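Data first, discussion second: the structure below is written as structure tokens.
Below, the structure is given as structure tokens:
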């Protein structure tokens with residue numbers, strides 16, 4: 012099951028990644044492939060290694076072994092391991108966090124704009140002297156920020172302080188900030204954790220729209236099975252740092268190993284409890 | 003019965019506040035009283051506490067207690083009253099016409115007022131206020147915008163000052179060609195930036211406290227090198243004869259001499275340029291990236307902001323301002339000595355910025371102006387006069403009081419005020435010095 016499947020156009024392929032913290036094995040040879048344009052969900056019990064995998068994919072952790080190849084376009088290959096988080100972001104992988112990490116004292120608008128601006132080039136000299144390029148870039152990023160706030164449905168809340176927003180809005184703002192960096196692949200770490208049912212529904216639609224309208228591939232960690240089953244094209248199941256199953260939501264649901272490891276306990280699962 | 007009420011009184015907030023004020027008043031009585039000598043070591047206490055003056059201080063303590071009690075009682079009312087003022091201020095500051103009008107009035111005042119001052123105050127205005135405004139504004143970029151604690155800030159000031167001495171030919175070692183201080187400006191800035199980058203690249207990877215220690219060490223290194231490398235720097239007694247600024251156009255010659263007013267206007271010009279530049283910086287991509295780093299480093303990196311690059315940038319911008327101020331100061335008094343570049347001075351500038359309001363440009367200017375002016379004004383005051391060597395006691399006390407009652411400074415930046423308000427509600431850290439530094443998430 013854990014052997015890498017060959018996919019015609021993989022946006023990211025993880026090959027045999029091992030990650031240890033001292034004696035604690037977090038990932039024990041994880042391999043998975045995500046097709047361009049697909050929504051892939053990674054599920055698994057607490058401590059299965061999902062967030063570790065995300066941190067490897069975004070340059071926060073550096074696995075001791077294995078390969079992570081990202082293809083921003085079909086004929087462009089980038090190795091992720093060893094890249095710093097902001098460099099990973101710059102090649103086209105953006106992420107959100109398990110508990111949202113917004114710039115709390117800044118406005119919603121500024122939060123998104125910081126993401127948008129990370130793709131621009133104005134330096135301190137240009138900023139101090141108001142060079143033409145700076146002025147042009149300011150205008151562009153303002154316009155793009157408004158578009159993105161509109162896209163996630165926060166257009167009218169742009170001037171509000173991020174931490175003052177309702178929880179569901181904060182999660183969507185984080186997605187907007189990630190989208191601002193112009194990713195090809197968006198990693199969402201439990202976006203539905205702590206949201207109420209109606210927020211969950213809005214989130215489900217938002218994930219689909221990110222995928223369809225913006226053409227961004229989505230890699231989703233989620234505990235909410237209903238959300239995973241309805242939104243994911245494929246599901247990969249991790250347990251004890253290994254891939255134990257992979258397939259369509261229906262296939263995975265019927266997999267005995269998965270039922271034993273995870274789905275059997277789904278009702279008692281505490282969302283957001285993963286460290 | 004009486005015992006019960008006494009113990010409940012002792013436990014009450016009110017009683018504690020009274021005790022605090024009385025102890026504070028007694029400390030003040032000792033501080034302002036005669037000081038002990040080797041023959042009468044306890045004179046500081048006996049001479050102060052057995053003096054009728056003590057009654058005055060006690061009365062002061064009780065009055066302050068009454069006032070603070072009244073303030074606590076009416077806290078909510080005060081809050082709602084000041085909120086109105088706060089909102090009005092926000093609204094006025096938000097209006098561009100009001101803002102630019104205020105800037106214009108301030109600028110005109112800054113141009114006209116000094117002409118009415120005597121030469122002592124003009125000198126204070128240049129040597130104490132002007133130069134330190136520039137220093138505070140520069141450190142504000144490092145501490146306020148980027149949240150980096152730089153305790154060796156004065157080292158860059160020294161580098162600027164010695165650059166001025168070198169390029170104008172005042173040092174024992176001579177440059178290829180002797181330059182007018184105006185042409186030294188880019189060179190001094192470049193030297194300070196280079197020093198900032200060389201120091202910053204390896205150390206800004208470190209977190210919070212380590213950076214403070216490394217910069218502290220760097221400041222010491224620079225001052226010790228300046229003292230001991232006498233064949234190059236002229237040693238501890240310093241270097242004299244750094245030329246003044248001068249302009250030589252075909253038929254126009256002007257030299258900034260020893261008089262203060264021309265230097266004041268030169269400095270004012272530079273300060274205005276720096277302020278405008280930093281205001282633009284604050285509201286730019288770079289300023290927002292720095293705010294992001296201060297708020298949440300991990301999230302900033304995940305949003306594509308290169309943390310190290312921006313930290314080095316802020317550090318170098320601060321360094322360049324400090325170096326520039328050093329050049330101006332050296333040329334103004336035409337003298338540099340290692341004794342001018344002490345750790346204490348780095349800390350003083352930090353106090354100016356903190357007092358004014360970290361991350362706030364008007365705060366840095368105001369903090370520097372008020373705290374540099376007040377000691378000069380009060381030193382020989384008949385009642386409030388104090389000894390120069392006691393200055394840091396009072397500054398320290400002032401800072402403690404500020405941190406308790408108004409931690410965001412006298413003119414807080416909007417962002418900083420929000421951060422502190424959030425920290426009180428338990429959201430995030432207002433710890434500007436270290437930023438958040440935990441890894442993205444635990445192993446999962």
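Protein chains in written order, with our numbering: chain P, 12 to 286; chain E, 3 to 446.
Positions of the beta carbon are idealized from the N, C-alpha and C atoms, including for glycine.
Owing to the predicted nature of the structure, the values given are computational and were not obtained by experimental measurement.
For residue i versus residue j, is the C-beta distance shorter than 9 Å?
i: residue 191 of chain P; j: residue 155 of chain P; result: yes
i: residue 367 of chain E; j: residue 128 of chain E; result: no
i: residue 224 of chain E; j: residue 337 of chain E; result: no
i: residue 150 of chain E; j: residue 316 of chain E; result: yes
i: residue 177 of chain E; j: residue 248 of chain E; result: no
i: residue 325 of chain E; j: residue 148 of chain E; result: no
i: residue 256 of chain P; j: residue 268 of chain P; result: yes
i: residue 42 of chain P; j: residue 27 of chain P; result: yes
i: residue 146 of chain E; j: residue 418 of chain E; result: yes
i: residue 323 of chain E; j: residue 136 of chain E; result: yes
i: residue 184 of chain P; j: residue 165 of chain P; result: yes
i: residue 231 of chain P; j: residue 91 of chain P; result: no
i: residue 329 of chain E; j: residue 171 of chain E; result: no
i: residue 160 of chain P; j: residue 147 of chain P; result: no
i: residue 81 of chain P; j: residue 200 of chain P; result: no
i: residue 155 of chain E; j: residue 217 of chain E; result: yes
i: residue 262 of chain P; j: residue 241 of chain P; result: no
i: residue 160 of chain E; j: residue 228 of chain E; result: yes
For the alpha helix (DSSP H) containing residue i, name the first residue and the last one.
i: residue 152 of chain P; result: 143-162
i: residue 184 of chain E; result: 183-205
i: residue 370 of chain E; result: 363-380
i: residue 46 of chain E; result: 45-51
i: residue 172 of chain E; result: From DSSP, residue 172 of chain E is part of no alpha helix (DSSP H); its letter is neither H nor E.
i: residue 345 of chain E; result: 345-358
i: residue 413 of chain E; result: Note, residue 413 of chain E: premise wrong, no alpha helix (DSSP H); not H, not E.
i: residue 181 of chain P; result: 178-191
i: residue 154 of chain E; result: Residue 154 of chain E -> no alpha helix (DSSP H), and no H or E assigned at all.
i: residue 262 of chain E; result: 262-284
Run through the DSSP bridge pairs and tell me what residue i is partnered with.
i: residue 104 of chain P; result: P/196
i: residue 112 of chain P; result: Answer is none; residue 112 of chain P lacks a bridge partner.
i: residue 66 of chain E; result: Looking at the DSSP assignment, residue 66 of chain E forms no beta bridge with any residue, so it has no partner.
i: residue 31 of chain P; result: P/36
i: residue 245 of chain P; result: P/51
i: residue 232 of chain P; result: P/53, P/200
i: residue 118 of chain P; result: P/172
i: residue 21 of chain P; result: P/46
i: residue 225 of chain P; result: DSSP lists no partner for residue 225 of chain P.
i: residue 120 of chain E; result: DSSP, once it has assigned bridges, lists no residue as partnering residue 120 of chain E.
i: residue 338 of chain E; result: E/241
If you follow the beta strand (DSSP E) that residue i is in, where does it begin and where does it stop?
i: residue 95 of chain P; result: Careful: residue 95 of chain P lies outside any beta strand (DSSP E) and carries neither H nor E.
i: residue 41 of chain P; result: 35-46
i: residue 81 of chain P; result: 76-81
i: residue 256 of chain E; result: 254-257
i: residue 253 of chain P; result: 253-258
i: residue 251 of chain E; result: 248-251
Would you mind sorting residue i into buried or exposed? The rule is 16 or more other CB atoms within 10 Å of its CB.
i: residue 149 of chain P; result: buried
i: residue 234 of chain P; result: buried
i: residue 257 of chain E; result: exposed
i: residue 23 of chain P; result: buried
i: residue 434 of chain E; result: Unreliable positioning characterises residue 434 of chain E in this predicted model, as indicated by a pLDDT of 41, which lies under 50. A coordinate reading is not provided.
i: residue 101 of chain E; result: exposed
i: residue 32 of chain P; result: exposed
i: residue 122 of chain P; result: buried
i: residue 113 of chain E; result: exposed
i: residue 442 of chain E; result: In this predicted model, residue 442 of chain E has a pLDDT of only 40, less than 50, meaning its place in the structure is not dependable enough to derive any value.
i: residue 179 of chain E; result: exposed
i: residue 88 of chain E; result: exposed
i: residue 93 of chain E; result: exposed
i: residue 74 of chain E; result: exposed
i: residue 63 of chain P; result: buried
i: residue 59 of chain E; result: buried
Check whether the region 402-420 of chain E touches the region 373-388 of chain E, counting contact only when three or more Cβ pairs, one atom from each stretch, lie closer than 8 Å.
-> Taking 8 Å as the limit for Cβ pairs, the verdict is that the region 373-388 of chain E does not touch the region 402-420 of chain E.
Below 8 Å, can you find three or more Cβ-Cβ pairs linking the region 199-211 of chain E to the region 266-286 of chain E?
-> no
Answer yes if the region 68-79 of chain P comes into contact with the region 286-299 of chain E, meaning at least three C-beta pairs across the two stretches below 8 Å, and no otherwise.
-> no
Answer yes if the region 16-36 of chain E comes into contact with the region 57-67 of chain E, meaning at least three C-beta pairs across the two stretches below 8 Å, and no otherwise.
-> yes
Is it true that the region 230-242 of chain E meets the region 348-361 of chain E, where meeting means three or more beta-carbon pairs spaced less than 8 Å apart?
-> No: the two stretches stay apart, fewer than three of their Cβ pairs being nearer than 8 Å.
Are the region 56-73 of chain P and the region 133-147 of chain P in contact at 8 Å, needing three or more beta carbon pairs?
-> no
Flag this pair as touching only if the region 109-117 of chain P and the region 222-230 of chain P have three or more C-beta atom pairs under 8 Å; answer yes or no.
-> no
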